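Visitor: With our numbering applied, the sequence shown corresponds to residues 2 to 284, in that order. Ideal Cβ placement from N, Cα and C applies to all residues, glycine included. Bear in mind the structure is a predicted one, so any value in this text is a computation, not a measurement.
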Amino acid sequence: MGHHYTPRAHLKRFEIVNKPGWIWRYDRNTGVFKDLPIPAVGQEKNFYPDEVERDLNILFEIPSHGCLSKILARKSLTDQERLDFARYMLTMMSRGPRRRKKSYQLAKSLLPGVTEEVRSKLVEILADSEADALSAKCKELDELQVRWEQALPGDIDKGIRTPFFSARTVDSIFRMTWEVVPAGTDRYFITSDAPAHYFEGIGIDKFESEFTFTLSKEIAIVGHHQGPQTTIRFRNKLQSQLTNEINRRIISTTDRFIFTPKADEWIKQMADKQSLHLSSIQW
2 MGHHYTPRAH LKRFEIVNKP GWIWRYDRNT GVFKDLPIPA VGQEKNFYPD EVERDLNILF
62 EIPSHGCLSK ILARKSLTDQ ERLDFARYML TMMSRGPRRR KKSYQLAKSL LPGVTEEVRS
122 KLVEILADSE ADALSAKCKE LDELQVRWEQ ALPGDIDKGI RTPFFSARTV DSIFRMTWEV
182 VPAGTDRYFI TSDAPAHYFE GIGIDKFESE FTFTLSKEIA IVGHHQGPQT TIRFRNKLQS
242 QLTNEINRRI ISTTDRFIFT PKADEWIKQM ADKQSLHLSS IQW
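#1: Determine the burial state of GLU62: buried for a count of at least 16 other Cβ atoms within 10 Å of its Cβ, exposed for fewer.
#2: Between HIS5 and PRO98, what straight-line distance do the alpha-carbon atoms span, to the nearest angstrom?
#3: Per DSSP, GLU180 forms a beta bridge with which residues?
#4: For SER65, collect the residues of the same chain with a Cβ closer than 7 Å to its Cβ; drop the 5 residues on either side in sequence, then sort them by chain order.
#5: Return the CA-CA distance between ALA10 and SER121, expressed in angstroms with no decimal places.
#6: Would you list, in sequence order, the uninterrupted alpha helix (DSSP H) runs of no fewer than 4 residues that lie entirely inside the segment 43-78?
#7: Do the segment 210-224 and the segment 27-38 make contact, defined as three or more Cβ pairs closer than 8 Å?
#8: Check for me: the alpha helix (DSSP H) holding ARG249 runs from which residue to which?
#9: Measuring CB atoms only, is the segment 224-233 touching the segment 247-257, in the sense that at least three cross pairs come out at less than 8 Å?
#10: Looking at the unbroken beta strand (DSSP E) that takes in ARG26, where does it start and where does it end?
#11: Could you check which residue in PHE212, GLN44, TRP267 has the C-alpha nearest to that of ILE282?
#12: Would you decide whether GLN44 is buried or exposed? Buried here means 16 or more other CB atoms lie within 10 Å of its CB.
#13: Report the partner residues of THR213 according to the DSSP bridge assignment.
#14: When the distance is taken between beta carbons, is THR7 closer than 8 Å to ASP1?
#15: For the alpha helix (DSSP H) holding LYS274, just list the boundary residues, first then last.
#16: Would THR261 pass as a contact of ALA184 if the rule is Cβ separation under 8 Å?
#17: According to DSSP, is SER121 helix, strand or coil?
#18: Taking buried to mean at least 16 other C-beta atoms within 10 Å of its own C-beta, is ARG96 buried or exposed?
#19: Near LYS102, which residues of its chain fall below 8 Å by C-beta distance, leaving aside the five closest residues on each side in sequence?
#20: Relative to the C-alpha of ASP80, which residue among PHE175, LYS20, GLY67 is closest?
#21: Kindly indicate which three-state DSSP category SER193 falls into: helix, strand or coil?
#22: Looking at PRO50 and ARG162, is the spacing between their C-beta atoms short of 8 Å?
#23: Taking 8 Å as the cut-off, decide whether the C-beta atoms of PRO164 and ILE251 are in contact.
#24: For ILE205, does the three-state DSSP call read helix, strand or coil?
#25: With 16 other CB atoms within 10 Å as the buried threshold, where does THR216 fall?
#26: What residue range is occupied by the uninterrupted beta strand (DSSP E) comprising PHE258?
#27: By the DSSP assignment, the alpha helix (DSSP H) with ASP80 in it spans what residues?
#28: Since LEU279 is in the beta strand (DSSP E), which residue starts that stretch and which ends it?
#29: Taking the straight line between their C-alpha atoms, what separation do you get for LEU57 and ASN19?
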């Protein structure tokens, strides 16, 4: 059993109705649905440093349980509970494979610029030295760059493998209007290896920003800046096109695995598209 990047308690809320403890997993790489025990999915061996999964559970998952129970019971949250739940949702956004891959790609894309800056400094510092001394240092730098391209330095690697968020993003989610919306009759929400969505080209703290997180197969939260700040509104009905929009958002940020209570064809059709058209929601 590996470290869970999608927590088991979260996955359980999407379990197969007539098969408790099991869930359908759709693999975007193979195009195959498979029903599996929940402990076996959403995890990977050595995914985090040893202490991280423990800290995620103690610092974020456990404080979220009471908040989640209140939301599912259509009860408002205290400011502290709202803050705890904002932090929890943000860790759900940053703890999976997709964010990690993007962070590695960014770090490695910056390496050539860093090494060239160091090279310029070496030329400046060793300008009056023997040519062999400069050549040796530049060769050392080249070897270092090759090693970093293969594996980043330990501190950088550990930082990338540890979920994070900033005080600014927490505050932005905290201040949003939260819409708690039902999937609707005969409809359901899905989750994935990236269970939360925001528009990366917009960010979190602009007026147009939206944050989407599916809590269970029946309930989702959409945060936005169109209404009163720090409020939570419970919707009684949701039109089917909005259920589709929320599921499209979750699928659009999925790295590989979608988790669902049913193995329906529409999931495969959405997941197999090269790109999904996403729309903002007017409340």
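Guide: The relevant details are as follows:
#1: Sequence index remark: in the sequence shown, residue 62 carries index 61 (1-based). Burial call: buried.
#2: In the sequence shown, residue 5 corresponds to position 4, counting from 1. In the sequence shown, residue 98 corresponds to position 97, counting from 1. Linking HIS5 to PRO98 through their CA atoms gives a straight-line distance of about 11 Å.
#3: To locate residue 180, count along the sequence shown from 1; it is residue 179. According to DSSP, GLU180 bridges with VAL223, ARG234.
#4: Taking the sequence shown and counting its residues from 1, one reaches residue 65 at position 64. Around SER65: ASP85, PHE86, TYR89.
#5: For this step, residue 10 is matched to residue 9 along the sequence shown. For this step, residue 121 is matched to residue 120 along the sequence shown. Between ALA10 and SER121, the C-alpha separation is close to 52 Å.
#6: Whole alpha helix (DSSP H) segments, 4+ residues: 53-57, 63-73.
#7: No, they do not touch.
#8: Numbered from its first residue, the sequence shown carries residue 249 at position 248. Note, ARG249: alpha helix (DSSP H), 241-253.
#9: These segments do not touch.
#10: On the sequence shown, position 25 is the one that residue 26 refers to. That run of the beta strand (DSSP E) goes 23-28.
#11: Counting from 1 along the sequence shown, the entry for residue 282 is found at position 281. Nearest C-alpha to ILE282: PHE212.
#12: Residue numbering aside, residue 44 sits at position 43 when the sequence shown is read from its first letter. With 16 or more other Cβ atoms inside 10 Å of its own Cβ, GLN44 counts as buried.
#13: Translated into positions along the sequence shown, residue 213 becomes position 212. Its beta-bridge partners are HIS198, VAL223.
#14: The question about residue 1 has no answer here: the residues shown for the chain are numbered 2 through 284.
#15: Taking the sequence shown and counting its residues from 1, the one referred to as residue 274 is at position 273. Per DSSP, LYS274 belongs to no alpha helix (DSSP H) and is neither H nor E.
#16: Translated into positions along the sequence shown, residue 261 becomes position 260. Translated into positions along the sequence shown, residue 184 becomes position 183. No; because the gap between Cβ atoms is not below 8 Å, this pair is not in contact.
#17: Here residue 121 refers to the residue found at position 120 of the sequence shown. Three-state result, SER121: helix.
#18: As a first step, residue 96 is located in the sequence shown; it is residue number 95 there, counting from the start. A residue is called buried once 16 or more other Cβ atoms fall within 10 Å of its Cβ, and ARG96 is buried on that count.
#19: Mapped onto the sequence shown, residue 102 falls at position 101. Taken in chain order, the residues that qualify are ASP256.
#20: Working through the sequence shown from its first residue, we reach residue 80 at position 79. Ranked by how close their Cα comes to the Cα of ASP80, the residues PHE175, LYS20, GLY67 have PHE175 in first place.
#21: Taking the first residue of the sequence shown as position 1, residue 193 is located at position 192. Correct three-state label for SER193: strand.
#22: Here residue 162 refers to the residue found at position 161 when the sequence shown is read from its first residue. Here residue 50 refers to the residue found at position 49 when the sequence shown is read from its first residue. When the beta-carbon positions are compared, ARG162 and PRO50 come within less than 8 Å of each other.
#23: By 1-based counting over the sequence shown, the position of residue 164 is 163. By 1-based counting over the sequence shown, the position of residue 251 is 250. No, the Cβ-Cβ distance between PRO164 and ILE251 is not below 8 Å.
#24: Locating residue 205 in the sequence shown gives position 204, counting from the first residue. Three-state result, ILE205: coil.
#25: For the purposes of this step, residue 216 is identified with residue 215 of the sequence shown, where counting begins at 1. In the sequence under discussion, the amino acid at residue 216 is Leu, which differs from the Thr named in the question. Under this definition LEU216 is a buried residue.
#26: Counting from 1 along the sequence shown, the entry for residue 258 is found at position 257. DSSP places PHE258 inside the beta strand (DSSP E), whose first and last residues are 258-261.
#27: Translated into positions along the sequence shown, residue 80 becomes position 79. Looking at the DSSP string, the run of the alpha helix (DSSP H) that includes ASP80 is 80-95.
#28: On the sequence shown, residue 279 is found 278 positions in, with the first residue counted as 1. The continuous stretches of beta strand (DSSP E) do not include LEU279, and DSSP gives it neither H nor E.
#29: As a working note, residue 57 is residue 56 in the sequence shown. As a working note, residue 19 is residue 18 in the sequence shown. Going by the C-alpha atoms only, they are around 30 Å apart.
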